[in-house]
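Undergrad: In full-length UniProt numbering, the protein residues as written are 1 to 237.
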Amino acid sequence: RLARRAAGAHLSRPMQKVDTPDSLAGNASHPEYSSNWAGAVFDTYPSGTFRSVTGTFTVPTPRAPSSGSGTYSASAWVGIDGDTCGNAILQTGVDFTVTNGRTSYDAWYEWYPDYAYDFTGISFSAGNTVRVTVTASSTTSGTAVIENVSTGQTVTQHITSSSALCEENAEWIVEDYEEGGSLVPLANFGTVTFTSASAGTSSGSIGPSGATLIDIEQNGRVLTSASTSGSSVTVSY
């Protein structure tokens, strides 16, 4: 089933904005940079807008950055809230980790500010097609679903929380998440593309076109490149 991760393990956090690098200060096409999120987020809608978010991606092969050794990770997920509304996030996704050349994958869900919980009963290999979906049935309850389309495995978890969603953000994200209070070393995840990306509202579903793009910037270096096209969100390392 699922179990809370060990103390100090995965915590996905709201987007942590950082200043635009000096070299890109005039680049109006990329209005936001973050130390932990890369991808696309709707951040101009009123509360009560978003009820669900879904996307499908191919599991990447994470690698250590050039000349790197040790353990590196990243996480691909979809979620509701966490940008302009930072008190709660309903999210689900897959971590990818490389340790001295060995790769591993973990499926999880989280209702921030609680920690992430691991699913069991589902596994992944590089190249698998994965569909991730979160649905808010109210501002304090919802469902996380992860399907490995390639293997037919599906896991579902109903979640409740005392931390209420605003339902004003919807996002498709590759994240440098936290362990033990600090960001994990970010893996070179290649390219993650969320296809069939959509966000459900009370008046129908919308694709990611028009969402705000976010890239990860750490120590003055931009580490990712995010874009949208039609119903896709692409994040490249």
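Backbone N, C-alpha and C define an ideal beta-carbon position, used for all residues, glycine too.
Please classify T44: is it buried, with 16 or more other beta-carbons within 10 angstroms of its beta-carbon, or exposed?
TA: Exposed is the call here.
Undergrad: From G68 to A38, what distance separates their C-alpha atoms?
TA: Each residue's alpha carbon lies about 21 Å from the other.
Undergrad: For G93 versus V233, is the C-beta spacing smaller than 8 Å?
TA: The answer is no: Cβ separation not under 8 Å.
Undergrad: Would you check if the region 91 to 107 and the region 220 to 231 touch, i.e. whether three or more CB-CB distances between them fall below 8 Å?
TA: Because the criterion of three Cβ pairs below 8 Å is not met, the region 220 to 231 and the region 91 to 107 do not touch.
Undergrad: Just how far apart, CA to CA, sit S73 and S229?
TA: Their Cα atoms are separated by approximately 26 Å.
Undergrad: Under three-state DSSP, which class holds R13?
TA: Coil, per DSSP.
Undergrad: Considering only C-alpha positions, which residue in the set G142, T120 and E147 is nearest to T129?
TA: Minimum Cα distance to T129 is reached at E147.
Undergrad: If we call anything under 8 Å between Cβ atoms a contact, is A136 one with S52?
TA: Cβ atoms of A136 and S52: closer than 8 Å.
Undergrad: Is it true that the region 120 to 128 meets the region 145 to 163, where meeting means three or more beta-carbon pairs spaced less than 8 Å apart?
TA: Yes, the region 120 to 128 touches the region 145 to 163.
Undergrad: Quick check: what's the CA-CA separation for S161 versus Y105?
TA: For S161 and Y105, the distance between alpha carbons rounds to 26 Å.
Undergrad: Determine the direct distance from the alpha carbon of E179 to that of T99, and round the result to whole angstroms.
TA: Approximately 15 Å between the Cα atoms of the pair.
Undergrad: Please check the pair S34 and L183, which I expect to be a contact at CB under 8 Å, by giving their CB distance rounded to whole angstroms.
TA: That belief does not hold up - the Cβ atoms of S34 and L183 are roughly 11 Å apart, past 8 Å.
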